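Data first, discussion second: the structure below is written as structure tokens.
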Amino acid sequence: MEFPNDYDHYDSNDFIADDYFLQWVKSPDAASEAFWQHWIATHPHRQEQVAAARAFIIGLRFNETTPSPAAVEAALQRNLAMLEALPQDHQPVVKQKSLRKVWWWAAAAVVTGVMALAGRQLWLKPAAMIQYSGLADGIRKITLPDNSEVILNANAAISFRKDWSGADQREVWLKGEAFFDIKQVKAGDQPAQAFIVHSGNMDIDVLGTSFNVKEGSAFTNVTLNTGKIKIRFSKLPETPFYLAPGDFVRYSAKDNKITKKRVNADLYAVWKEEGRQLQNVTLKEMAVYIEDIYGYHVRISNSELAQEKLSGGLRVKDEHLLLETLAFALNVQIDKKADTLFIQPKTKK
Amino acid sequence: MNTQQHIDPAIWEACKEGDKAAYAHIYKLYYPRLYNYGCKFTVDAALIEDSIQEIFVRFWTNREKLLAVRELKSYLFVSFRHHLLKLLAQYRRNREDHILADGYAFDLEISAEQQRVAIEEQLEQVTVLNNALHHLTQRQKEAVFFRFYEDMSYEEIASILNISVKATYKLVARAIVMLRDAYHNAPLVKALVTLAPLIAALGSLQLSVLICAQQLPLHF
Numbered sequence: 001m002e003f004p005n006d007y008d009h010y011d012s013n014d015f016i017a018d019d020y021f022l023q024w025v026k027s028p029d030a031a032s033e034a035f036w037q038h039w040i041a042t043h044p045h046r047q048e049q050v051a052a053a054r055a056f057i058i059g060l061r062f063n064e065t066t067p068s069p070a071a072v073e074a075a076l077q078r079n080l081a082m083l084e085a086l087p088q089d090h091q092p093v094v095k096q097k098s099l100r101k102v103w104w105w106a107a108a109a110v111v112t113g114v115m116a117l118a119g120r121q122l123w124l125k126p127a128a129m130i131q132y133s134g135l136a137d138g139i140r141k142i143t144l145p146d147n148s149e150v151i152l153n154a155n156a157a158i159s160f161r162k163d164w165s166g167a168d169q170r171e172v173w174l175k176g177e178a179f180f181d182i183k184q185v186k187a188g189d190q191p192a193q194a195f196i197v198h199s200g201n202m203d204i205d206v207l208g209t210s211f212n213v214k215e216g217s218a219f220t221n222v223t224l225n226t227g228k229i230k231i232r233f234s235k236l237p238e239t240p241f242y243l244a245p246g247d248f249v250r251y252s253a254k255d256n257k258i259t260k261k262r263v264n265a266d267l268y269a270v271w272k273e274e275g276r277q278l279q280n281v282t283l284k285e286m287a288v289y290i291e292d293i294y295g296y297h298v299r300i301s302n303s304e305l306a307q308e309k310l311s312g313g314l315r316v317k318d319e320h321l322l323l324e325t326l327a328f329a330l331n332v333q334i335d336k337k338a339d340t341l342f343i344q345p346k347t348k349k
Numbered sequence: 001m002n003t004q005q006h007i008d009p010a011i012w013e014a015c016k017e018g019d020k021a022a023y024a025h026i027y028k029l030y031y032p033r034l035y036n037y038g039c040k041f042t043v044d045a046a047l048i049e050d051s052i053q054e055i056f057v058r059f060w061t062n063r064e065k066l067l068a069v070r071e072l073k074s075y076l077f078v079s080f081r082h083h084l085l086k087l088l089a090q091y092r093r094n095r096e097d098h099i100l101a102d103g104y105a106f107d108l109e110i111s112a113e114q115q116r117v118a119i120e121e122q123l124e125q126v127t128v129l130n131n132a133l134h135h136l137t138q139r140q141k142e143a144v145f146f147r148f149y150e151d152m153s154y155e156e157i158a159s160i161l162n163i164s165v166k167a168t169y170k171l172v173a174r175a176i177v178m179l180r181d182a183y184h185n186a187p188l189v190k191a192l193v194t195l196a197p198l199i200a201a202l203g204s205l206q207l208s209v210l211i212c213a214q215q216l217p218l219h220f
């Protein structure tokens with residue numbers, strides 16, 4: 001800010017147009033305050049001009065349309081989801097080289113995670129990209145360019161290139177949870193075109209058939225139902241993970257940690273068909289599922305009870321309903337204490 | 001009014017490095033301001049939001065190429081203005097609206113509510129000032145908005161309106177003269193207060209001046 005100007009010959013219009021004067025009127029600080037008070041005191045004959053200029057500036061209060069903080073926050077979340085789905089953000093630099101080394105036969109994989117941000121909107125992308133967003137509530141079926149099918153869970157979003165012909169691999173970028181039914185594409189004697197799911201922290205290589213992906217900012221969980229997949233973590237490019245059916249892998253972005261265990265993989269894909277029939281799921285498997293999905297610790301009072309099996313339609317969307325179903329079906333009592341669920345046989349009254 | 005709204009250079013640097021929290025900070029600071037600015041062009045809130053989202057995505061992807069933090073504000077306004085006007089032009093063409101002199105309308109008004117005006121004479125003043133505002137060109141109104149609402153420098157306004165700094169000075173100066181003439185010529189306004197108490201107040205605390213200037217209807 002250039003100051004002080006030669007203000008001696010300023011009229012009120014000049015003051016109004018002056019940077020330093022405007023700053024003093026609108027956001028005075030110690031320096032401008034001292035300067036202008038001194039100037040006014042030493043130029044008493046200009047006081048009228050100064051007062052007029054001040055009054056004019058203060059009087060200019062324009063109509064405002066300001067969104068609420070909540071609206072700004074919501075817009076920000078939509079915008080962050082848009083950034084997340086930008087293809088460049090998900091393409092690890094090393095990917096192209098390492099990809100073709102190994103081909104993996106894959107079948108049904110389930111990848112689950114915690115979804116933090118969700119984009120509801122379709123947005124402008126580079127011309128060749130398509131993006132689909134899941135519904136706010138409920139599932140949505142999408143057909144990919146190779147006729148593979150994707151079921152998007154609520155609030156998930158997937159983007160991919162419009163045209164897959166000529167590409168040496170099929171690639172999709174995912175936010176949130178989705179179930180894939182991948183067609184095996186073969187051209188003559190050529191091996192099938194690779195299929196890659198890019199999610200926040202990892203890439204999943206698949207060949208043919210179906211799997212389920214749910215990624216999130218805090219955790220990304222991968223569960224394989226049948227077949228075989230390979231996971232490449234963007235932060236750990238040299239340690240790919242190979243999953244067999246029933247394997248569960250959790251990647252925690254916060255501490256860059258990978259956990260692997262065995263689960264009932266059917267459970268992790270159950271969301272895509274509400275009320276889906278499950279066969280012989282043990283309470284222990286349910287407990288592990290509840291821990292992974294709802295973040296509780298689950299304690300089962302005895303090992304016999306943990307091996308109790310249940311079959312039938314299961315609704316997993318609603319935590320409360322799920323626990324109620326469990327309690328009723330197995331005749332158990334479930335108590336919630338802080339973040340721990342205690343499951344024990346129902347006490348007879 | 002936006003007086004305290006400046007981006008810390010450290011936040012800008014962090015954003016450039018890819019820090020989403022820093023980006024979110026900038027977004028939250030500018031979203032309401034761009035939104036408010038956009039409302040002067042159209043009542044179509046969805047169009048305004050789409051434009052803001054789009055230019056912020058571009059801002060993110062191009063952030064490494066952007067220069068100093070002091071250019072950030074005019075960058076965001078100029079890209080938003082460009083994008084929104086483009087969309088509006090497309091819409092208008094489709095709807096065969098009448099062509100506006102400047103190619104767009106900038107709906108700037110003095111708000112009686114913002115002033116908490118209760119006295120009849122002051123309401124008259126607002127009306128007079130608004131009539132004068134309507135006689136300004138769209139560009140003049142925009143320049144006045146940037147100058148007195150967004151507190152922008154002439155250089156920033158020049159870069160947004162894509163005119164020279166000299167032309168910006170002229171544009172603003174002419175608008176000030178027109179608006180102040182309206183003040184002078186307002187026939188219904190009576191000089192209720194002499195300037196004496198104001199002048200006395202100016203000599204004392206700045207705060208009291210501010211209160212004085214806001215409360216007393218001043219006529220010159």
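Residue numbers (the numbering used here), protein chains in the order written: chain A, 1 to 349; chain B, 1 to 220. No residue lacks a Cβ here, since even glycine has one placed at the ideal position from N, Cα and C. Keep in mind that this is a model prediction, so the values were computed, not measured.
- Query: Which residues share a DSSP beta bridge with Ala157 (chain A)?
  - Reply: What you label residue 157 (chain A) is simply residue 157 of the first sequence in a count that begins at 1. Bridge partners of Ala157 (chain A): A:Ser133 and A:Lys175.
- Message: Please tell me whether Tyr132 (chain A) and Ala157 (chain A) are closer than 8 Å, where the distance is taken between their beta carbons.
- Response: Taking the first sequence and counting its residues from 1, one reaches residue 132 (chain A) at position 132. Taking the first sequence and counting its residues from 1, one reaches residue 157 (chain A) at position 157. Against a cut-off of 8 Å, the Cβ pair of Ala157 (chain A) and Tyr132 (chain A) comes out as a contact.
- Item | DSSP three-state assignment for His135 (chain B), whether helix, strand or coil | Counting from 1 along the second sequence, the entry for residue 135 (chain B) is found at position 135. His135 (chain B) falls in the coil class under three-state DSSP.
- Could you tell me which residues DSSP puts in a beta bridge with Gly312 (chain A)? On the first sequence, residue 312 (chain A) is found 312 positions in, with the first residue counted as 1. Paired residues: A:Leu278.
- Task: Spell out the partners DSSP gives Arg232 (chain A) in its beta bridges.
- Result: In the first sequence, residue 232 (chain A) corresponds to position 232, counting from 1. DSSP output for Arg232 (chain A) lists A:Asp203 as bridge partner(s).
- Message: Can you list, in chain order, the residues of its chain with a C-beta nearer than 7 Å to that of Leu87 (chain B)? Leave out the 5 residues immediately preceding and following it.
- Response: Position 87 of the second sequence holds residue 87 (chain B). Here the set comprises Leu47 and Ser51.
- Could you list the residues in the segment 60-92 of chain A with a C-beta less than 8 Å from some C-beta on chain B, going in chain order? Leu60, Arg61, Phe62, Asn63, Glu64, Thr65, Thr66, Pro67, Val72, Glu73, Ala75, Leu76, Arg78, Asn79, Leu80, Met82, Leu83, Leu86 and Gln88
- Item | Rounded separation between Arg81 (chain B) and Phe148 (chain B) - CA only | Walking along the second sequence from the start, residue 81 (chain B) turns up at place 81. Walking along the second sequence from the start, residue 148 (chain B) turns up at place 148. Going by the C-alpha atoms only, they are around 18 Å apart.
- When DSSP labels each residue in this structure, what does Asn221 (chain A) get in the three-state scheme? Residue mapping note: residue 221 (chain A) aligns to position 221 of the first sequence, counting from 1. Asn221 (chain A): strand per DSSP, three-state reduction.
- Query: Excluding the five sequence neighbours on either side, which residues of its own chain have a C-beta within less than 8 Å of the C-beta of Leu84 (chain B), listed in chain order?
  - Reply: In the second sequence, the residue the question calls residue 84 (chain B) occupies position 84. Result list for Leu84 (chain B): Gly38, Phe41, Thr42, Leu47, Ile48 and Ser51, in chain order.
- Query: Would you say the segment 249-259 of chain A touches the segment 276-290 of chain A, given that touching needs at least three Cβ pairs under 8 Å?
  - Reply: no
- Item | Boundaries (first-last residue) of the alpha helix (DSSP H) holding Leu222 (chain B) | Only positions 1 to 220 of chain B appear in the structure, and residue 222 (chain B) is not among them; the question remains open.
- How about Leu283 (chain A) and Ala306 (chain A): are their beta carbons less than 8 Å apart? In the first sequence, residue 283 (chain A) corresponds to position 283, counting from 1. In the first sequence, residue 306 (chain A) corresponds to position 306, counting from 1. At a Cβ-Cβ threshold of 8 Å, Leu283 (chain A) and Ala306 (chain A) count as neighbours.
- Task: Output yes if chain A places a C-beta closer than 8 Å to the C-beta of Pro9 (chain B); else output no.
- Result: Here the question's residue 9 (chain B) lines up with position 9 in the second sequence. Taking Cβ atoms only, chain A never reaches closer than 8 Å to Pro9 (chain B), which makes this a no.
- Task: Consider the Cβ of Asp19 (chain A): report whether some Cβ of chain B lies at a distance smaller than 8 Å.
- Result: The sequence position of residue 19 (chain A) within the first sequence is 19, counting from 1. Yes, because at least one Cβ of chain B sits closer than 8 Å to the Cβ of Asp19 (chain A).
- Query: What are the residues of the segment 10-36 of chain A that lie near chain B, defined by any Cβ-Cβ distance shorter than 9 Å?
  - Reply: Ser12, Asn13, Asp14, Ile16, Ala17, Asp19, Leu22, Gln23, Trp24, Val25, Lys26, Ser27, Pro28, Glu33 and Trp36
- Ile160 (chain B) to Gly295 (chain A), Cα distance in whole Å? Position 160 of the second sequence, counted from the start, is the residue given in the question as residue 160 (chain B). Position 295 of the first sequence, counted from the start, is the residue given in the question as residue 295 (chain A). Going by the C-alpha atoms only, they are around 50 Å apart.
- Pairwise C-alpha distance: His6 (chain B) and Glu71 (chain B): Sequence index remark: in the second sequence, residue 71 (chain B) carries index 71 (1-based). Sequence index remark: in the second sequence, residue 6 (chain B) carries index 6 (1-based). Answer to the nearest angstrom: the Cα atoms are 11 Å apart.
- Message: If you follow the alpha helix (DSSP H) that Pro9 (chain B) is in, where does it begin and where does it stop?
- Response: For the purposes of this step, residue 9 (chain B) is taken as residue 9 along the second sequence, with counting starting at 1. From DSSP, the alpha helix (DSSP H) with Pro9 (chain B) extends over Pro9 to Lys16.
- Query: Is Leu174 (chain A) near Val57 (chain B), with beta carbons less than 8 Å apart?
  - Reply: Here residue 174 (chain A) corresponds to residue number 174 of the first sequence, with the count starting at 1. Here residue 57 (chain B) corresponds to residue number 57 of the second sequence, with the count starting at 1. In this structure, Val57 (chain B) does not lie closer than 8 Å to Leu174 (chain A) by Cβ.
- Item | As assigned by DSSP and simplified to three states, the class of Ser301 (chain A) | On the first sequence, position 301 is the one that residue 301 (chain A) refers to. Coil.
- Cβ-based neighbour list, Lys95 (chain A), same chain, cut-off 7 Å, excluding 5 preceding and 5 following: Here residue 95 (chain A) refers to the residue found at position 95 of the first sequence. Model confidence at Lys95 (chain A) stands at a pLDDT of 32, short of 50, so the residue's coordinates are unreliable and nothing is read from them.
- Message: Below 7 Å on C-beta distance, what does Asn36 (chain B) contact in chain A?
- Response: As a working mapping, residue 36 (chain B) is identified with position 36 in the second sequence. Those within 7 Å of Asn36 (chain B) in chain A are Glu64, Thr65 and Thr66.
- Would you call the CB atoms of Thr223 (chain A) and Phe241 (chain A) closer than 8 Å? What you label residue 223 (chain A) is simply residue 223 of the first sequence in a count that begins at 1. What you label residue 241 (chain A) is simply residue 241 of the first sequence in a count that begins at 1. No.
- Query: Name the chain A residues whose beta carbon is nearer than 7 Å to that of Ser153 (chain B)?
  - Reply: Position 153 of the second sequence, counted from the first residue, corresponds to residue 153 (chain B). Under the 7 Å cutoff, chain A gives Asp19.
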